[in-house]
Amino acid sequence: MRALVIDDSRTMRRIVAGTLDKLGFETAEAEHGQAALDLLEGGLDVDLACIDWNMPVMDGLTFVTSVRANPAWRDITLMMVTTESEQSQIVRALAAGAHEYLIKPFTPDAIRDKLDLLGLAVEGQPA
Amino acid sequence: MNAPVTTVLDASVVHDQVSAVAQEVFAAMVDGDAGLLLPWEGELPVLAEPVVAWVDLHGDWAGRLALRTGAPTANALARALLGLPDEAEVSHADLVDACGEVANVVGGNFKSLLPGPGTLGLPQVGDVLPQTPGALRLQELPLAWRGQLLAVEVWSFGAQDAPRAAVATHDGPAIPDQHGGGDHA
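The listed protein sequences correspond, in order, to chains A and B.
Read in order, the letters of the first sequence correspond to residues 1 to 127 in the numbering used here.
Read in order, the letters of the second sequence correspond to residues 1001 to 1185 in the numbering used here.
So, in structure tokens, the structure goes:
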């Protein structure tokens, strides 16, 4: 499994990527939505994208909308990982095409539980 | 014409909310289940080499949430977030990023407690808060993280909070501020 972690905070990218690494994912990182789109357009193949909402250049919601507009990327599972916890924001993200929504702060167990829900648990990794 | 929507915050409620949010964030992100963020007890020290991380909130209630601590504590916080050993060097970029992200998460969770829609600005970090005309410090919550002072401040940019902010100022502890004090926001 491969994952793309998109967050303007390198600290948060390291935390999310570190958790995914322990769960058996190969990870790549991008500091905003446009950089993530550039990676995908450059041929990066991922199963999962973990996406912050508030980022410079391109925010997470715009990234989700852009990914969903491209049929070539329809198999990518999109999970928002953000401090935006208003119900209206969650509804907007899901309506735009996000599959799951994880609110910061989160624990490694919370990420694992979301991946289980999404059917993305990697076999042989600690539950 | 509709009157502008405003939200008035009660300082005592803000105190409890901010305390709960900060403790939850530190337990989840920094310290694990055993949260190490506790109420500050005793005399408040003067912060040498202050580091301030803040995020602005926009919406029915407009204001700012800031974390204020000393450079050694900010470095320790960055090391904890990044999973680095105690003796590891922390780059300035990592220090800024880590402290900004903590402010971002605390601010985002505080925003979720406010009635009405709102947006969160991008986090910023410096050694002093920038001035904002008319800003009032609504709450100042001194906490101890691993025994060192880490204060959480809530600033209001709206005049509607003025009477309650005055109550908070009188009841709450005052944290020594080496950079111009309460008229900064």
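Don't be surprised by glycine CBs; every beta carbon is placed ideally from N, CA and C.
Pair within 9 Å by beta-carbon distance, residue i and residue j
i	j	result
Gly60 (chain A)	Asp52 (chain A)	yes
Thr1073 (chain B)	Leu1150 (chain B)	yes
Arg2 (chain A)	Leu44 (chain A)	yes
Ile103 (chain A)	Ser85 (chain A)	yes
Leu23 (chain A)	Leu117 (chain A)	no
Gly1107 (chain B)	Leu1065 (chain B)	yes
Exposure label - residue i; buried when at least 16 CB within 10 Å
i	result
Asp8 (chain A)	buried
Pro1142 (chain B)	buried
Gln1124 (chain B)	buried
Gln1131 (chain B)	exposed
Pro1045 (chain B)	exposed
Ala1088 (chain B)	exposed
Gly1118 (chain B)	buried
Ala1093 (chain B)	exposed
Gln87 (chain A)	exposed
is_contact[residue i, chain A] using C-beta, thresh 9 Å
i	result
Asp1094 (chain B)	yes
Leu1122 (chain B)	yes
Glu1087 (chain B)	no
Asp1016 (chain B)	no
Whole-angstrom C-beta distance between residue j and residue i, which should lie under 8 Å
i	j	result
Ala1048 (chain B)	Leu1067 (chain B)	The Cβ separation is near 17 Å, so there is no contact.
Val1030 (chain B)	Val1154 (chain B)	Actually they do not touch by this definition, with Cβ atoms about 20 Å apart.
Ile6 (chain A)	Leu1081 (chain B)	That pair is no contact at about 18 Å.
Ala30 (chain A)	Val64 (chain A)	Not a contact, Cβ separation roughly 14 Å.
Thr11 (chain A)	Asp1097 (chain B)	5 Å
Closer than 8 Å at the beta carbon, the chain B residues around residue i
i	result
Gly18 (chain A)	Gly1083
Closer than 7 Å at the beta carbon, the chain B residues around residue i
i	result
Glu86 (chain A)	Ser1112 and Pro1117
Arg14 (chain A)	Leu1082
Interface flag, residue i vs chain B, CB-CB below 9 Å
i	result
Asn70 (chain A)	no
Phe63 (chain A)	no
Thr77 (chain A)	no
Under 9 Å from the C-beta of residue i: neighbouring residues of chain B
i	result
Phe106 (chain A)	Ala1028 and Met1029
Thr27 (chain A)	In chain order: nothing, as chain B lies at least about 15 Å away.
Under 7 Å from the C-beta of residue i: neighbouring residues of chain A
i	result
Asp1060 (chain B)	Simply none; closest approach about 12 Å.
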